[in-house]
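Each remark here refers to the structure printed beneath this line.
In mature numbering (1 follows the signal peptide of the UniProt record, and there is no 0), the protein residues as written are -21 to -1, 1 to 111.
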C-alpha cells in the first residue's frame, strides 16, 4: 500500500512539473495597439464670441510686432473670446507639452505692412503669435 501511495505521489509531482514547462515559445497573446499619434493643426478660423480688445492687450500686440521689426501700424481684423482646449491655445508646436485643461482666452487677428498676424491670449494675458 505504501508503495502504491509513493508511486502515485511521484506521478503527481512529475505531472505537475511537466505542466509548468513550455514546449516552445509562447505566442504573444497581448493585442498590439497602434502608437499614439498627434496632429498639429494650423491656425483655426474664428469661432468664438466677438469682443473688444483691451488697451493692455493691444499695447502688448504692438510691442510684440515692434520687437519683430514690424514698423507698420497694425489694424484689427477680428477679436474673439475663445475657450482653448489646452495650453497650446489652438496653435501647438511639435515636441512641446501643454497644460491639458480648458484655458479661457482670446484670439486677435491683425494686419500690418500687408501681413496678417494671428495672436492668441491665454489666462496669463501675454500674446502668443500663432505661426502656422
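For each residue, glycine too, the CB sits at the ideal point set by N, CA and C.
Between which two residues does the beta strand (DSSP E) harbouring residue i extend?
i	result
residue 44	Residue 44 -> not in any beta strand (DSSP E); alpha helix (DSSP H) instead, spanning 34 to 46.
residue 106	106 to 108
residue 78	Here residue 78 belongs to no beta strand (DSSP E), and DSSP marks it neither H nor E.
residue 59	54 to 63
Is residue j closer than 9 Å to residue i when the C-beta atoms are compared?
i	j	result
residue 94	residue 62	no
residue 56	residue 90	yes
Give the DSSP bridge partners of residue i, in chain order.
i	result
residue 95	90
residue 73	For residue 73, which the question treats as bridged, DSSP gives no partner whatsoever.
On a CA-only basis, which of the options is nearest residue i? Give me that one, please.
i	options	result
residue 105	53, 28, 85	85
residue 65	100, -19, 110	100
residue 87	80, 97, 79, 81	97
Any contact of the region 34 to 42 with the region 65 to 73, i.e. 3+ C-beta pairs under 8 Å? no
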